[in-house]
Structures are given as structure tokens and as C-alpha cells.
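Take a look at the structure set out below.
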Amino acid sequence: MRRVLTVVTAAVFVSSIGLPVATAAPVSRTPAGGFEELFVPSSMGPIKVQVRWAARGGSSALYLLDGLRAPAGHSQWTTDTDALHQFAGDDVTLVFPVGGRSSFYTDWYRPSSTNNQTTTYKWETFLTRELPEFLAGRGISRTNNAIVGASMGGNAALILAAHHRDQFRFAGSFSGFVNPTYPWWNEAMRAAMLGEGGFHVDDMWGPVGDPAWSRNDATIQAERLRGLPMYVTSGNGLPGPLDPPYGLGDTVHAMSLEAMTAVAAGIFRDRVTELDISARVDILNGNHTWPYWAQSLTTARPMILDALGAR
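When you line the sequence shown up against mature numbering (1 follows the signal peptide of the UniProt record, and there is no 0), it's residues -24 to -1, 1 to 287, in that order.
Right, dumping it as C-alpha cells:
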């Protein structure tokens, strides 16, 4: 069942034009297993969030973060993977934040100076304060959550869990850039963000050397992840049977990206091993494409359900 919460939308509109909004009791949960599109108030304006409620009305949730090209209308997890089918019978609510193109799901210093952005991205604030507060009114726990992300969302998932251990009990990175302070990696991010929407990396975390870079590097922040169940995976950059029939240029691009994330995953694996921190890290045959991230979610699913007690 797909239903837009027009009541929430109306409340956001009325608030935006300065009229008083009546205080109302929390909205009741939709029927177990139902699908909704919510509009959640935030400092960035109303954010669309797609939700598939837990099959039996449970209170745990799994947040799924998109990649660099995060579209404005839907989460690619809902269209490019079988995530909805995978968890159809599970007692965990799937939460798909929509948007955040080139944001790295972090709080930026200021709006991007290269594409006329008017609102400062504040995705960490949204995902760890505004959205959990909203979902709590629908019966979702603030403390029994898991988070996974693909590509851009991979490092973000680990970082959000590292800095908000009271919220997340599992974190997963699929082909994530989990070591952004690695030499010259910032320049790769600069090129990628300029190419995907004209965003400027310096407006996100400042120049290299700014403390925000280290704060948002999962490898540097590994100690904060101690004791948290984790699954970090990357392909090795070799095309395989799950690759869509891209043209040669797209294939080469996906191969180069995945080769870089494989290096980062290896560095992360070495770091947690050095610190004697438990984490599952897999570097497998595969490429930087959604079919492999759907496969990674399949592998992570039993770990997620165990961590949340949601079987």
C-alpha cells in the first residue's frame, strides 16, 4: 500500500508560512508491512522518506543510504535492488531517506559555492535527530536501529554509527569510501562531486587537514566502532555476471571506482585487525553496481536481524 501523508505535508506548509500548527497526538502506525512515503520536517526543509513498516509491527528499523547520484524522487534501494522483497517477512521497518545527492550524508559547513545551492546540507542532523524523533511518533525505537549504505553512503553509515552508538546496533558499508583521508582521495571526491551536481568538497569538510575530514573517516574513527557488529564489503573491480550491460565507458568507470573502494576496504580491514576490533570485511569479485550491493544486503541480512533481535 502506497500512501502519502498529506497531514504531515500540510503541517509543514502551514508552519513554513508562519501560521500556528495545532499539536496533535502521534499518528497511528499503518498496517504492519505497509509502504508509505513520508515528508519529514528538517532544517533543510521537508525531506521525503520512503518507509516499509515491520511485518509484525516491531519497533526496530534499518536505514538504507543511497550512493552519490541519490535521486530526488525515490531511494535507489527501492528501485535498483530487491531490498523490499528481502525483508518482506521480517519484523524490521525499512527506512529509505530520499535525496542527498553528493552530500555524503554529513553536516556541511555551508552551501556548495559552485552550484548556487541555497540550503546547507545537514544530513547527520537529520538522520540522527530529526528523523528518529519523527519516527518515534510512529512507534520506531530511537535506539534499536541498523544502518547500511552503498558507495557514498557506505562510509557515512559507519561514521553515523561511530558517533551515535546509542542509536545504531549494526552498520554496513558496501563499496564505501571508508578512508577519505587517504592521500589524493580528496581529489577523487572533488572530481566526483563536481561531476555529480557541481558540488564543492571544500564546502563540505573544508580543505584537507580540517578536523572534519578525520571525524568523517571510518578508518580513523575505528575505535569508536569497537563492539558494534559490522559488515564492510567491496568488489575487486573486475566485471562479473551481475554487471548490467553498460557501455565500455561506464564499465571502465565502475571498475576504477571499485578498485579504489577495494583499497579502502583493505586499509580498514588492516586497521581493525591491528586494534583487535571484530568486523567482517569481504573483498570479492565484483564491480561498482547496484546488483552487487543487493547481494551484499542479502549477506548482511541475518547479521542485521540478529543485532536488532528482529527475527
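Don't be surprised by glycine CBs; every beta carbon is placed ideally from N, CA and C.
- Secondary structure at glutamine 271: helix, using DSSP grouped into helix, strand and coil.
- Nearest to asparagine 212 by alpha-carbon distance, out of Ala167, Asp258, Leu170, His176, is Asp258.
- Residue pairing by DSSP places phenylalanine 146 opposite Ala122 in a beta bridge.
- Counting C-beta pairs with one atom in each stretch, the segment 99 to 108 and the segment 55 to 62 have fewer than three that are closer than 8 Å, which means they do not touch.
- Contact between lysine 98 and methionine 165 is absent: CB atoms are separated by about 19 Å, not below the 8 Å threshold.
- In the structure shown, threonine 95 adopts coil according to DSSP, grouped into three states.
- The beta carbon of phenylalanine 102 lies closer than 7 Å to those of Ser18, Met20, Ile23 in the same chain, with the five residues before and after it left out.
- In this structure, DSSP gives glycine 211 an extended state, which the three-state scheme calls strand.
- Bounds of the alpha helix (DSSP H) holding aspartate 178 are 178 to 181.
- In the displayed model, proline 108 falls within a helix according to three-state DSSP.
- Contact annotation: leucine 70 and leucine 134 have beta-carbon atoms that are not nearer than 8 Å.
- Annotation: the continuous beta strand (DSSP E) that includes arginine 256 extends over 256 to 260.
- In the structure shown, phenylalanine 175 adopts coil according to DSSP, grouped into three states.
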